[in-house]
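Position 202 of the sequence shown, counting from 1, maps to 202 under full-length UniProt numbering, and the rest follow consecutively.
Positions of the beta carbon are idealized from the N, C-alpha and C atoms, including for glycine.
Predicted model only: the values in this text are computed from it and were never measured.
Here's the structure, in structure tokens; my notes come after.
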Amino acid sequence: MNKKIIIRTLEKIALYMELQAENPFKVSAFRKAAAALEADERSLSEIDDITAIKGIGKGTASVIIELMEKGESSVLKELEGIVPKGLIPLMKLPGLGGKKLAKLYQELNIVDAETLKNACEAGKVRELAGFAAKTEEKILKELENFGTRAERLPIWQLEPVVLEINELLASLPEVELFSVAGSFRRVAETSKDIDFIVATKEYEVVREAIFKRLAILETVAAGDTKVSVVLDREEPVSVDFRLVKREEYATALHHFTGSKDHNVRMRQLAKSLGKKISEYGVEQEDGTIETFETEEAFFAHFNLPFIPPTVRESGKELDRLDELQDLITLDNIVADLHMHTTWSDGAHSVSEMGHALMEKGYSYAVITDHSQYLKVANGLTPERLELQKLDIYAFNKANPDFRLYRGTEMDILPDGTLDFEDDMLKDLDFVIASIHSSFTQSQDKIMARLKTAIENPYVHMIAHPTGRIVGQRGGYDPDVPLLIEWAAENGKILELNASPYRLDLSIEYLQLAMEKNVPIAINTDAHAIDQLRYMDMGVKYAQKAWLKKELIVNTWSREKFEAFIKKNKEK
């Protein structure tokens with residue numbers, strides 16, 4: 001349990017109460033409590049008395065305490081039982097906030113997309129106060145594709161499902177080995193479904209555990225060795241489980257990881273040697289089947305090095321075997337340069353994040369809370385940024401073998417100026433500049449904003465350079481090749497934001513940046529300790545672009561990093 005989960009829960013309770021036409025003062029109390037907790041710069045473990053925080057009363061405090069002690073809220077559970085399940089997804093429709101949705105629910109008994117569509121077609125919605133004919137037309141247009149299952153789901157929607165299934169399979173003593181396979185294992189940005197390979201002797205026990213412990217919307221197949229289900233999530237997720245013998249595991253994992261083109265190329269290689277690859281093993285010239293302990297042993301059978309799943313795409317990876325040794329791996333990462341703490345919109349304190357980073361085996365990291373313009377993220381004023389350094393200095397003094405650097409994720413404002421003056425930037429160790437607003441500006445204006453940042457001598461890096469959210473929005477449409485040129489000319493870092501929501505820069509631009517020798521930093525943009533895990537996904541995504549280790553900033557030694565961040569300050 002951390003602050004962010006509690007804040008989201010309080011906001012959810014307020015929304016559900018609003019839909020129930022609860023007393024507005026009560027709704028407001030939960031929203032105020034969420035805001036008060038967000039504004040408090042301490043992490044949950046550092047707050048002794050929740051009720052001492054201005055804006056948190058006895059009622060909301062009891063909910064917070066229950067969440068801390070039990071990990072769930074009885075108030076929210078009760079509300080979830082009352083509010084129709086189909087009502088909440090309607091919040092995704094543009095222009096339908098809590099108040100409008102409450103009015104539709106209370107006055108027209110709108111409980112899902114179908115009843116909303118019927119009411120609009122009957123002309124009933126336009127008759128409500130605060131609605132109009134145009135609103136009705138807009139809702140009907142939005143409802144045309146609403147609720148249809150997407151053919152492919154973004155990686156950020158699938159990752160929590162994979163983590164849940166990993167936890168389930170790891171808890172079963174009957175499971176000898178397991179792994180996610182398919183396009184998710186190859187770190188594709190979107191996937192049709194999730195594949196798991198499970199080695200076990202107890203097929204029936206594993207099957208029963210899958211049916212019993214996962215929230216299943218539909219069972220597609222329930223054979224002896226294959227289970228296919230659709231999980232009941234906000235967006236339903238299809239999952240295939242292949243149950244195999246231990247000796248078949250490595251070849252099954254290779255086969256079902258793909259890609260199709262990679263497998264075709266491997267089969268051609270096997271055929272040239274008089275052999276045949278299948279999911280069960282490799283058939284030799286004499287008809288016997290050879291199996292393997294690991295994928296490494298499988299590849300070695302064909303005199304190949306291990307080929308990471310991330311580059312098993314076109315089949316041409318077999319022509320680039322000499323480059324595999326230059327690919328980045330998680331072991332090469334010694335730092336994370338972009339993260340947030342309770343000083344802005346993070347869930348954990350400077351000290352808690354610092355200790356978590358040390359546990360990762362890193363040598364250094366940068367604390368980069370939001371700047372003042374981003375009020376929704378509790379961005380820091382220059383005065384608060386000055387105060388924050390006391391936390392960072394105290395941590396460094398207590399942990400001399402590790403270094404936390406002072407930084408900021410500073411907004412590039414809509415008018416093209418930067419959120420802090422140069423004197424403040426010069427005083428910081430590491431400065432990130434990023435765009436969080438006015439995405440619809442013309443490309444010329446967006447590029448002018450980015451140019452201001454990239455030409456500033458005290459800015460070191462541009463974060464999530466396109467602003468995209470995988471599978472959801474394209475971002476603010478910068479001229480990325482030109483941005484890469486500017487980065488090369490000005491000696492700046494561009495980010496590969498490892499959050500599964502972003503993966504920004506994308507592969508094609510990472511490859512272009514590498515051609516121009518632009519340094520790339522793989523950063524988690526973590527807002528909580530558990531999000532530091534995103535580094536693994538970022539590293540694997542970098543492999544897909546065949547990024548070379550030497551260009552990746554967070555493989556640099558502390559001395560090399562310090563030389564880079566100080567170069568313009570010494571002029």
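The continuous beta strand (DSSP E) containing F241 extends over residues V237 to V244.
Within the same chain, V220, A221 and D240 come within 6 Å of S228 by CB-CB distance, once the 5 residues on both sides are set aside. Going by beta carbons, Y105 and P84 fall inside the 9 Å limit. Between the region 22 to 30 and the region 57 to 64 there are three or more C-beta pairs closer than 8 Å, enough to call the two in contact.
F306 counts as exposed, since fewer than 16 other beta carbons sit within 10 angstroms of its beta carbon. By the criterion of at least three beta-carbon pairs nearer than 8 Å, the region 494 to 510 is in contact with the region 539 to 546.
Distance from the CA atom of L76 to the CA atom of V111, rounded to whole angstroms, is 19 Å. By the criterion of at least three beta-carbon pairs nearer than 8 Å, the region 271 to 281 is not in contact with the region 306 to 324.
Here G354 carries a helix assignment [DSSP, helix/strand/coil]. Per DSSP, the unbroken beta strand (DSSP E) holding T408 starts and ends at R403 to D411. Residue environment analysis places Y541 among the buried positions, since at least 16 neighbouring C-beta atoms fall within 10 angstroms of its C-beta. A Cβ-Cβ separation of about 5 Å places A181 in contact with I197 under the 8 Å criterion.
With a 10 Å radius around the Cβ and a threshold of 16 neighbouring Cβ atoms, T310 comes out buried. Annotation: H262 to E296 spans about 16 Å, alpha carbon to alpha carbon. Its Cα nearest to that of E248, the residue L177 stands out among S314, V459 and L177.
Only residues of its own chain outside the window of five on either side were considered, and among them D525 and Y534 have a CB closer than 6 Å to the CB of S499, listed in chain order. According to the DSSP assignment, V220 belongs to the beta strand (DSSP E) that extends over I216 to A222. At least 9 Å separates the beta-carbon of L532 from that of L330. Residue environment for E136: buried (at least 16 other C-beta atoms within 10 angstroms of its C-beta).
The criterion of a C-beta distance shorter than 9 Å is satisfied by E495 and N523. In the DSSP secondary-structure assignment, G281 is bridged to S278. Collapsing the DSSP output to three states places N332 in a helix.
Between the alpha carbons of K549 and S363 lies a distance of about 17 Å. In the DSSP secondary-structure assignment, A270 is not bridged to any residue. Looking from the CA of P519, the closest CA among I529, R320, K492 and I64 belongs to K492. Between G467 and H436, the C-beta spacing is below 9 Å. Partner residues in the beta bridge of H370, as assigned by DSSP, are E409. In chain order, E279 place their CB closer than 6 Å to the CB of H255, counting only its own chain and leaving out the 5 sequence neighbours on each side.
Only buried fits I328, as 16 or more other CB atoms lie within 10 angstroms of its CB.
R320 sits in coil when the DSSP states are folded into three classes, being neither helix nor strand. If the five residues before and after V470 are omitted, its C-beta is found closer than 8 Å to the C-beta atoms of P154, I155, W156, E189, T190, P500, Y501, R502 and L503, all from its own chain and listed in chain order.
For E283, the CB contacts under 7 Å within the same chain, skipping 5 residues up- and downstream, are K275, K276 and I289 in chain order.
Under the three-state reduction of DSSP output, L482 falls in the helix class. Put simply, the backbone Cα of A113 is about 10 Å away from that of E144. Annotation for F178: no alpha helix (DSSP H) segment contains it, though the beta strand (DSSP E) segment containing it runs V175 to A181.
Inside the region 464 to 551, DSSP marks whole alpha helix (DSSP H) runs of 4 or more residues at positions 480 to 490, 507 to 515 and 534 to 544, from first to last along the chain.
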